[in-house]
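First up is the structure itself, then whatever we jot down about it.
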């Protein structure tokens with residue numbers, strides 16, 4: 003499965019990415035909302051793991067508005 007990780011804390015992102023990769027998943031980590039939104043809109047993902055405390059809390063609403071509801 004392809005997973006997009008949007009997490010602004012590098013150490014947390016690394017832990018999550020290592021855990022998912024160790025379980026056999028392909029993971030791309032983005033460290034900010036802008037790059038995360040761009041990748042989410044441009045590519046097909048099975049799962050998007052989103053830091054709910056990101057400074058730009060409008061990210062989830064924006065992704066849903068673009069039709070990303072999976």
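Residue numbers (the numbering used here): 3 to 72. Here a beta-carbon is modelled for each residue, glycine too, at the ideal position from N, C-alpha and C.
DSSP places residue 17 in the uninterrupted alpha helix (DSSP H) bounded by 12-24. Annotation for residue 41: the continuous alpha helix (DSSP H) segment containing it runs 35-44. With fewer than 16 other beta carbons inside 10 angstroms of its own, residue 40 counts as exposed. For residue 56, there is no enclosing beta strand (DSSP E), since its DSSP letter is neither H nor E.
Bounds of the beta strand (DSSP E) holding residue 32 are 28-32.
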